[in-house]
Each structure stands twice: as C-alpha cells, then as structure tokens.
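Numbering (UniProt numbering), first residue to last: 1 to 493.
Just so you know, even glycine gets a beta-carbon here, dropped at the ideal spot from N, CA and C.
Have a look at the structure below before the remarks.
Here it is, written out as structure tokens:
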C-alpha cells in the first residue's frame, strides 16, 4: 500500500472512530464507511483492495441490544404528582416481529385539554404545559397474568403479557410513533397507592381519548367468516330514502326494527352520570301536594265499638271534608276507602275487592253517626236492613272469597296506613303518601315503576325520591287528561 493510501486509511479510521451510533443490523456503519471513504478521497477502484487487505486488522464496533447495555439505574416509573396526572405510552415505529420500543410521557387531564410533560428532564413542571395531544385508548382482555413478553421502554425491559404484545405489534406504525393509553403499562401495577388513584380516572381517560380501539385477540378459526357477516349486515342496512319514497305498506324484515329503535336508543329512559350519584329518568309530572293529613302511627278498625275506637276513620273523614275536587265523576267515598288500604287486599298482593266498600260504608256510618258519611257513599240492601251484633253480619255477604271479611279489611288498612298519611294534590286528588311527605312535594309517574312516586325538589332541576304513593284516579291512567300532565326528564340524587 502506498504511503498516500496508508495516510488516507488512517484518516478513515479516525473518522470511523468518531461514529458512535449504529443500527441494529449494522447497515448504518456500512453506509458510513462508504460515505467517509469518498469524503477522505479514496478512489472507488482502490477501496475494495484496501478493505480486503485491512479487514483482518480492523473490526467494526459491536452492535448491542438493550439487554447487553449497561444497566439503567433510573426507575421506569416516575411518581405521579397531581390528582389528574397520568401517563401516555409512545410506541416507536417498527415492523413485524421487531422488538417493541416505547417511551412513557406524563400528562395531566385538565378539562378538555391535555398537557404533555416532554421536558420534565429539563426541570419544567407538568403544569407549565397546555399543549393538547391526541392519543388512542386501548381496550382489551388481559388474559392470564403471565408476563412472558417485553417492550423496551425508556431503557428498561418492561414485562407485558403475550396478548398485549400481539396488540401493540398490530397497532404500531412502520414509520411514525403513535400515542396510546394502556393500563398495563401506563399504570404502575406494582404500586397499590397509584392504582387506587388512577383507576377512578379511567372514565375520564377514555372520554378524553381521540378514539378507543378494542383488541379481541389474534385471528382464530372463523374470524374471517365473522367479518364477512358484519360486512353483509352493513350492506343490507345501507338503504336510501329514494328506495322507499313510493313504497306502499311494503313488508320488511327484522332490520326495520333496528332502525325504529334508533330514537329509543338516542333518548334512553334512564341515564347515569359519570360520578354515578345521579340518575336521570323520563317521567310524567302530574301534580303537587297542597295539603297533608295526620300521620297514622297505629292504624286500626273496630267493629265492636266503632264510635269510640275508630279514631283512624274519624281522622280520615275530617281530612276528606277539606277535599274540593271539581270533577263531578270523582267519587270521594271510593277514593277514601281505596286510599286507606292503598288499593290492595289483606295480603297486599291483589286488588281490594268491591266488597270492601260495604264494610267501610257501614263502619263510617257507625263511627260518625251520619248517613251517608262521605260524598259518593252508596248502600246495599244489607246495609239498609242490618241485623245481628254490630248491625252488619259479614257472613251475609254473597260470597266468602279472599278479602270479603272485616278481618281482611282491618289487615289491609293496618298494612297500608302504618307511618303514612293522606294528602290532597292541587288538582283535588286524594292519595296515600309516605309519612315524611311535605307540602310542595310533587307526584310523578315513571314508566318503570308500578306506583306513582313522590319527589322533593332540591333546586337546579334535581329531585330527591321520597317514596311511592297511591293516588286514586291516576293509578292506571284513569281520569287523567293529557293537559293535566307533562313529560319531563327527572334527575334523582
């Protein structure tokens, strides 16, 4: 080798020695050799000869992997400082089965914005960042807690499950990094205190994500058939209005039901807020309470001494005397006796039979000394011609079915009135309400409830549930005109 060439080779070695970074397969080093050889002026026809003669004396710096590098003394997880701070995983580009590469970035959730802590290493706090970032949230099944795979993250070999490894390799891009939130990596699973703070934030994290992808696992037998079925369904649903513009009662399949349900899905009967402490439900506002009666603490009936022991009936009649309903068809007597037993028999399971009316009619007359005692009260022949002890022989009733004896009436009344009170609404309806009801409480009917509900407004369009009630005249929609009601969204707290 000539002196000039030897001098050039030495210059080349010096240039090569200054190169510190190499790709995994060493291709960058090879390209650097060629570029540097041309830079130092080695003719192309002499280069191969120089390289072959000097190959035994010169060695390329070895290519190292993460496991061969010096151990990283810094912890993978930096402490999370704020109540709304979390981490986002940056997944570096890669192909096929190449090792997963990533980096963790701290960010904080602030309203509709995210601040990314790219410069924490420069001493800049997270709160100084207000740059919104876009990230994708990953929803997947952990599977067995066996951590056999790894991702090289910030100089650490982070152990992950095989299922997550497959998902990350599927979603990563060949040329660009992507940002994702993944609970298995973004939350320090070994720090119980951190998990208790991060898990409640997951709803907010998924809400702030640009999108959420669902990983069902790697393809298995039948996966392609399932995807073809989905494509088939979407093609069937791809209708246009022109196809039905001139249709005349054309028969349709079950897919029409899906479209008809769209309105119900968009406006559900019930909605729960993020904090799960409020329930919004559609209801029909009916009326407001303007008067309430005495609390029945120990209700009872007596057939032996009705004039002295039927205090419950006396209080009920005194309260009903204040009722001023404008509807001519509203039967005050029926409303009273049905309210006193809440429309149920002694077992509380079946509707109260009409034979209860005869027993109540007789007891009212005996207790108050009036005939009739309540507007709308009627009589049967047996009531006009009573006989036997107490004036009415219960055995004289035409049948002896369930609920047609005085004892059944007594049991039904005690069951219904305990710790409850009568009430009158602004529209003049009589009903039976919870004991802690107040004037101004409202009566609302919900589709999902068998009985009307009593609610109390606490302001800002929100209500507190007081309890179920019995209001004669609206139990099955009878006597309720459309103008008497309005449909509203009720938020219960």
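Could you tell me the boundaries of the alpha helix (DSSP H) in which residue i lies?
i: residue 169; result: 162-171
i: residue 206; result: 202-208
i: residue 186; result: 183-186
i: residue 413; result: 406-417
i: residue 196; result: 192-198
Compute the Euclidean distance between the alpha carbons of residue i and residue j, then round it to the nearest angstrom.
i: residue 492; j: residue 438; result: 18 Å
i: residue 163; j: residue 209; result: 22 Å
i: residue 139; j: residue 213; result: 6 Å
i: residue 464; j: residue 490; result: 10 Å
i: residue 475; j: residue 338; result: 11 Å
i: residue 506; j: residue 96; result: Here the chain comprises residues numbered 1 to 493, so residue 506 is not present and cannot be evaluated.
i: residue 205; j: residue 89; result: 13 Å
i: residue 98; j: residue 136; result: 22 Å
i: residue 461; j: residue 455; result: 12 Å
i: residue 81; j: residue 430; result: 59 Å
i: residue 222; j: residue 342; result: 58 Å
i: residue 426; j: residue 107; result: 56 Å
i: residue 297; j: residue 459; result: 31 Å
i: residue 434; j: residue 79; result: 52 Å
i: residue 92; j: residue 467; result: 58 Å
i: residue 318; j: residue 197; result: 59 Å
i: residue 183; j: residue 159; result: 13 Å
i: residue 473; j: residue 406; result: 25 Å
i: residue 87; j: residue 225; result: 38 Å
i: residue 294; j: residue 85; result: 56 Å
i: residue 104; j: residue 193; result: 19 Å
i: residue 109; j: residue 188; result: 18 Å
i: residue 165; j: residue 149; result: 6 Å
i: residue 173; j: residue 185; result: 19 Å
i: residue 228; j: residue 167; result: 22 Å
i: residue 457; j: residue 444; result: 12 Å
i: residue 232; j: residue 487; result: 40 Å
i: residue 171; j: residue 145; result: 22 Å
Does DSSP put residue i in a helix, in a strand, or in coil?
i: residue 229; result: helix
i: residue 224; result: helix
i: residue 473; result: coil
i: residue 338; result: helix
i: residue 318; result: helix
i: residue 491; result: strand
i: residue 359; result: helix
i: residue 147; result: coil
i: residue 99; result: coil
i: residue 437; result: coil
i: residue 497; result: Here the chain comprises residues numbered 1 to 493, so residue 497 is not present and cannot be evaluated.
i: residue 212; result: strand
i: residue 312; result: helix
Between the options, which lies nearest to residue i when the distance is taken from Cα to Cα?
i: residue 424; options: 136, 470 and 412; result: 470
i: residue 202; options: 311, 231 and 83; result: 83
i: residue 134; options: 102, 454, 295 and 181; result: 181
i: residue 151; options: 452, 144 and 169; result: 169
i: residue 320; options: 311, 336, 312 and 310; result: 336
i: residue 157; options: 142, 77 and 443; result: 77
i: residue 415; options: 422, 300 and 311; result: 300
i: residue 211; options: 420, 230, 178 and 193; result: 178
i: residue 408; options: 356, 443 and 417; result: 356
i: residue 340; options: 167, 143 and 312; result: 312
i: residue 412; options: 359, 487 and 200; result: 359
i: residue 417; options: 316, 444, 75 and 200; result: 316
i: residue 147; options: 432, 154 and 161; result: 161
i: residue 314; options: 364, 102 and 191; result: 364
i: residue 419; options: 410, 432 and 428; result: 432
Nearer than 7 Å: is that true of the beta carbon of residue i relative to any heavy atom of the ligand ZN?
i: residue 299; result: Among the components of this structure there are no ligands whatsoever, and the ligand ZN is therefore not found.
Where do the N-terminal and C-terminal ends of the beta strand (DSSP E) with residue i fall, by residue?
i: residue 290; result: 279-292
i: residue 462; result: 462-468
i: residue 423; result: 420-425
i: residue 219; result: No beta strand (DSSP E) holds residue 219; DSSP gives it neither H nor E.
i: residue 77; result: It is not in any beta strand (DSSP E) - residue 77 carries neither H nor E in the DSSP assignment.
i: residue 446; result: 442-446
i: residue 459; result: 453-459
i: residue 90; result: 85-91
i: residue 429; result: Here residue 429 belongs to no beta strand (DSSP E), and DSSP marks it neither H nor E.
i: residue 177; result: Taken as a continuous stretch (DSSP letters only), residue 177 belongs to no beta strand (DSSP E), as it is neither H nor E.
i: residue 138; result: 136-140
Would residue i pass as an interface residue toward chain D - the criterion being a Cβ-Cβ separation below 8 Å?
i: residue 490; result: Structure shown: chain D not included; a single protein chain is present.
| query | With a cut-off of 8 Å, do at least 3 Cβ pairs link the region 285-300 to the region 424-439? | reply | Contact between the region 285-300 and the region 424-439 is established, with three or more Cβ pairs separated by less than 8 Å.
| Does the pairing of the region 442-450 with the region 279-286 give three or more beta-carbon distances under 8 Å? | With a cut-off of 8 Å, the region 279-286 and the region 442-450 count as touching, because enough Cβ pairs lie within range.
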